[in-house]
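Comments concern the structure below.
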Amino acid sequence: MQESNVREIVGVHALRLRRGTLKDEALGVVRSALLSGEMKPGQIYSANSLATQLGVSNSPVREAMMELAVKGLLEVVRNRGFRVVEMSDADRQEVYDLRMMIEVPAVMKVAGKGLTHEQQETVRHLAQATVEAAQPDRLPEYLDADQAFHMGIVGLLRNRRLNDIVENLRDKSRVRGSYRLAERGVLRQSAEEHLPIVEALVAGDTEHLHALMVQHLDYARP
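Using our numbering, read the sequence shown as starting at 1 and increasing by one per residue.
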């Protein structure tokens, strides 16, 4: 392997994985690095090198990276490692269009079904968590909170396959530093947009909710 051409992931030296969940936690580490922009599109990363950084065996890290390759976020480079998939503007447009066709109607369906009091409080809490985490130096935490908010809403439909599709589309659209919201100075604005989305969702106001969701997803437009 040509180590000079294989990148390390910045900031993982301090991370430690708990025994028994190594593959899942390795998946979380790599996914977070992809979404935060630490892992750069077009660059090659070695599973062996990352395993060494994390202080674990190669197997769980390679399994995690293979799973992300199956999901289209990484691609295998034989005898070298895994390359972060580079998405063209056309690729990103396709993903954006699919999110508009799948994710937005899913949220509309949740509003149409109605939320219990407990569900209302849960989505309000998830929205507020994104606002509190919306700081450039807390980007990984914000990304987790943002994903928890959006997937928490879609998850109310209790459709596992739909969840998987929406989650994968969201990840694909975010593998470039979460639309570079922090760099563009709109991280806080994006988080605060969750608050009226929740209120329209709780009120069952699907017309207003649709307009808010379309506006909110505009960040993902190429």
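Backbone N, C-alpha and C define an ideal beta-carbon position, used for all residues, glycine too. Because the structure is a prediction, the values reported are computed rather than measured.
- If you ignore the 5 residues before and after lysine 23, its C-beta comes within less than 6 angstroms of the C-beta of Pro60, Glu63 and Ala64, all in its own chain and listed in chain order.
- Checking the DSSP bridge columns, you'll see isoleucine 197 has no partner listed.
- Bridge partners of glutamate 75 according to DSSP: Arg83.
- It is roughly 17 angstroms from the alpha-carbon of asparagine 48 to the alpha-carbon of arginine 31.
- The Cβ neighbour count for methionine 87, taken over all protein chains shown within 10 Å, is at least 16; the residue is labelled buried.
- Spatial neighbours of alanine 145 in its own chain (CB-CB distance under 6 angstroms, excluding positions within 5 residues in sequence) are listed in chain order as Ala129, Thr130 and Ala133.
- Leucine 27 is positioned such that its CB atom lies no closer than 8 angstroms to that of glutamate 103.
- Its chain contains Val104, Val107 and Ile197 as the residues whose beta carbon lies nearer than 7 angstroms to that of methionine 213, once the 5 sequence neighbours on both sides are disregarded; these appear in chain order.
- Assignment of alpha helix (DSSP H) within the segment 111-150, counting only whole runs of 4 or more residues, yields 117-133 in chain order.
- Nearest C-alpha to valine 154 among Gln135, Asp97 and Leu201: Leu201.
- Counted as a single uninterrupted DSSP element, the alpha helix (DSSP H) harbouring methionine 66 occupies residues 58-70.
- Annotated three-state conformation of valine 214 is helix, per DSSP.
- In the displayed model, glutamate 38 falls within coil according to three-state DSSP, outside both helix and strand.
- DSSP places glycine 28 within a helical segment (H, G or I) once states are collapsed to three.
- Note on histidine 125: under 16 other CB atoms within 10 angstroms of its CB, so exposed under the neighbour-count rule.
- Residue state for asparagine 168 is assigned as helix, using DSSP reduced to three classes.
- If you compare the alpha carbons of Arg83, Leu68 and Thr52 with that of aspartate 164, the shortest gap goes to Leu68.
- Nearest C-alpha to leucine 143 among Asp171, Asp91, Arg161 and Glu199: Asp171.
- DSSP, read as helix, strand or coil, puts proline 105 in helix.
- In the DSSP assignment, arginine 188 falls within the alpha helix (DSSP H) that extends over 187-192.
- For the pair leucine 73 and leucine 98, the CB atoms are not nearer than the 8 angstroms cut-off.
- Inclusion of glycine 204 and alanine 90 in the CB contact set at 8 angstroms is not warranted, their separation being larger than that value.
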